[in-house]
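Each residue of the sequence shown is one higher than the one before, counting from 833 in the working numbering. For each residue, glycine too, the CB sits at the ideal point set by N, CA and C.
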Amino acid sequence: FTNLLLRALKGEAGIVTPTFVKSPLFASRGIEFFSSAVELGPNGVKKIHDLGNITAQEQELVNAALPKLKKNIEKGFAFVQ
833 FTNLLLRALK GEAGIVTPTF VKSPLFASRG IEFFSSAVEL GPNGVKKIHD
883 LGNITAQEQE LVNAALPKLK KNIEKGFAFV Q
């Protein structure tokens, strides 16, 4: 990831990689961070991609994981405070 980020910071275009970032994808459900594909640019994250075409079963799995993810994020915030 670091090498990809450095390449993007130097101006290389089209670098897309999965990473865990502050994301709007599930913000409406109280989840501030999520792991998805992001496009990197000279200033860091240029674009956060949605999940794309996933099956109904995959969507169910994401929905099932979100409550635990939310708790883990809250636990992380509590730890650093």
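Per DSSP, reduced to three states, the secondary structure at residue 866 is strand. Contact annotation: residue 868 and residue 850 have beta-carbon atoms nearer than 8 Å.
Only buried fits residue 872, as 16 or more other CB atoms lie within 10 angstroms of its CB. Distance from the Cα of residue 879 is smallest, within the candidate group 847, 912, 838, for 847.
Excluding the 5 residues flanking it on each side, residue 861 has same chain C-beta neighbours closer than 7 Å at 898, in chain order.
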